[in-house]
Amino acid sequence: MTIDPRSRIRHLITQLSATSDPFDDGEDLFTRGVLRSMNLMELVDQLEDCFHIRVGHRDFVAGRLSSVNAIAALVGASS
Amino acid sequence: MIIEVMDDRLTSAPAPALAGLEADLAFCHPAIRSVVAVGGGRIAVRAAAGDEAEAESVRQGIRRVAELSIASYRFVPDSEPLWTRAAGGASDLSHLAAFRDRSMVELGPGQFALIGPAAILRSSIDARFQRLALACSAEPWHLPSIESTGDLLPRVGYLASHGQHVTWGVHLTPRFESLRRFASDARERAATIPTDDHEARPTGFILEPVVCHNVYRALAGARLERTRLVTALGNCYRFEGCRFAPLLRQWEFSMREAVIVGEPGALRELRQRILDATLTVCDELDLGAHLEIATDPFFVSEAGSARAFQAMQSTKLELRLDLGGGAATAAASFNLHGTHFTGPMDIRGPDGRLLETACVGWGIERWMAAVVARRGPEPSAWRGLPPP
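Here the protein sequences line up with chains E and S, keeping their order.
In terms of my numbering, the first sequence opens at residue 141 and continues consecutively.
In terms of my numbering, the second sequence opens at residue 1487 and continues consecutively.
Printed below as a string of structure tokens:
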């Protein structure tokens, strides 16, 4: 059975988040307070492990880690 | 003795990572007296290691710090400056040594008396930035030089991320018997540090490392109808391990800040206005300078995410002033914080939404260093500054 990448991303984020508040796939995870800045490298490590990708400088500058949708696009483009 | 560690990661590390590692090594091991070299695959420090076991302990510490420090710069690009200004003449680091000999007296690590013209230069530079802030309609404030460890700091994780720089305080318990014991020990045994026997206890305060924290504290719970811009000069304190340097890295230093609290759009506009005005001061003083994206000096074990996040958001800009010989000093920073402080301090707008904050910090002694390096140690050469 294949798990939808978006579901896996949401699962990773939920594991890292200190809040149980619901969030939309398009919402900025950091502005919304779902993730804190201190979670960022954990998120990167887990995305790299889970999806076998390498996150680079440009992914940061372009805000490709800011929302579930953005991360899904990054994962799709990198894998 | 010189202790060396070879590390291949240094050969491919970008310039910001090498500069950051040099700073992190100051907090690696108490035996380290200075950092001799970082780069080309090699780290060398001068250390007062008593024996080979201690030297090996230093090497192990260096390897661990190097690994964490370089990793924390993974997402910090070695980018081109955003703005550059060339001075009309060269700066010379040797002027700083002459200035220190003539006009400064060292009172302790990173602590200096400024004598005569040096004190006037400090006041003049601060007056210039106060004028700049007031021209942007800032409210002048005066704030304590100490701040509580019980509210803002734990909520924003400051002590975890910057604990290496913090100076804590203790006081004697106001109990006659304990105080009498300490008085007796001070008189008869030259005791200088209170112990448990004297009922020493933490003050619950630290010497402030930045000015803006006390502004957020003062505004805790506020519902602001309009953007607030506050300016204050503070005596700030940062322990720097083995890296103290006159004017450039002092335990006590003077920082004027402009602190903005408001809606994101107005706040960014005001920060840009202050930034532009600061760049014109470089013109007035004919200082070589460049503006670049920077990150804070986070403690190395906590730095990874914080540094990556700051780089991702480009929230910190630093103005670096030329000192000559390729050296420069970060003399002003322009920082956006989002809701980092307003959330914990519950500072909101009239509609109940959290506001955001920004701050600009001018390191007065570092501006002094740049002026002296550019103009020389003679007071008659320090043109372009208003009287204090």
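Backbone N, C-alpha and C fix where the C-beta goes; we use that ideal spot for every residue, glycine too.
The Cβ atoms of A1856 (chain S) and L1807 (chain S) lie closer than 7 Å to each other.
Proximity of the region 1620-1628 of chain S to the region 1716-1727 of chain S meets the contact definition, three or more beta-carbon pairs being nearer than 8 Å. Only G1790, S1791, A1792, A1794, F1795, A1797, M1798 from the region 1775-1799 of chain S bring a Cβ to less than 7 Å from some Cβ of chain E. A straight line joining the alpha-carbon of T1653 (chain S) with that of D165 (chain E) spans about 43 Å.
The contact set of F1827 (chain S) on chain E, defined by CB atoms closer than 9 Å, is empty, because the minimum CB distance reaches about 13 Å. Around F200 (chain E), the beta-carbon contacts reaching into chain S at under 8 Å are F1561, A1794, A1797, M1798.
Annotation: the region 1572-1650 of chain S contains the following complete segments of the alpha helix (DSSP H) (minimum length 4 residues), in chain order: 1580-1589, 1603-1621, 1638-1642, 1644-1648. Contact note: G1643 (chain S) reaches chain E through M178, using a C-beta cutoff of 8 Å and chain order. Chain-order list of chain S residues neighbouring H151 (chain E): empty, with the shortest C-beta distance near 20 Å, by a criterion of under 8 Å. The C-alpha of A1744 (chain S) is placed about 21 Å away from the C-alpha of L1734 (chain S). Interface with chain S (7 Å Cβ-Cβ cutoff): H192 (chain E) is excluded.
With a cutoff of 7 Å on beta-carbon distance, T1843 (chain S) and F1827 (chain S) are scored as near each other.
For the options S:E1778, S:G1811, S:E1711, the alpha carbon positioned closest to that of A1797 (chain S) is the one of S:E1778.
With three or more CB-CB distances shorter than 8 Å, the region 1571-1590 of chain S counts as touching the region 1764-1776 of chain S. Counting C-beta atoms within 10 angstroms of its own C-beta, I153 (chain E) has 16 or more neighbours from the protein chains shown and is therefore classed as buried. Counting along the chain, D1808 (chain S) sits inside the beta strand (DSSP E) bounded by residues 1802-1810. Cβ contact annotation for S1623 (chain S) (same chain, cutoff 7 Å, sequence separation greater than five): L1715, in chain order. The distance from the Cβ of L1693 (chain S) to that of I1632 (chain S) is about 6 Å, consistent with a contact at the 8 Å cut-off. In this structure the region 187-200 of chain E does not lie against the region 1501-1513 of chain S, because fewer than three pairs of beta carbons, one per stretch, are closer than 8 Å.
Every beta strand (DSSP E) of 3 residues or more that sits fully in the region 1826-1859 of chain S is shown, in chain order, as 1842-1849. The straight-line gap separating the alpha-carbon atoms of P1660 (chain S) and S1670 (chain S) is approximately 15 Å.
Going by DSSP, A1523 (chain S) is part of no alpha helix (DSSP H) but of the beta strand (DSSP E) stretching over 1518-1525. Close CB contacts of L1600 (chain S) within its chain, under the 7 Å cut and outside five residues either way in sequence, are with S1589, M1590, R1608 (chain order).
Nearest C-alpha to E1540 (chain S) among S:S1565, S:I1489, S:E1663: S:I1489. For R1793 (chain S), the three-state secondary structure derived from DSSP is helix. Cβ-Cβ distances below 8 Å link P1836 (chain S) to R1709, L1710, E1711 in the same chain, with the five nearest sequence neighbours on each side left out; the list follows chain order.
The Cβ atoms of L180 (chain E) and A1503 (chain S) lie no closer than 7 Å to each other. In this structure G1707 (chain S) is in contact with D1832 (chain S), their Cβ atoms being roughly 5 Å apart against a cut-off of 8 Å.
Cβ-Cβ separation between S1577 (chain S) and A1859 (chain S): approximately 4 Å, consistent with a contact (criterion under 8 Å). Contact between the region 1541-1555 of chain S and the region 1757-1774 of chain S is absent: fewer than 3 CB-CB pairs across the two stretches fall below 8 Å.
DSSP lists S:V1656 as the beta-bridge partner residues of P1688 (chain S). L169 (chain E) has no beta-bridge partner at all, per DSSP.
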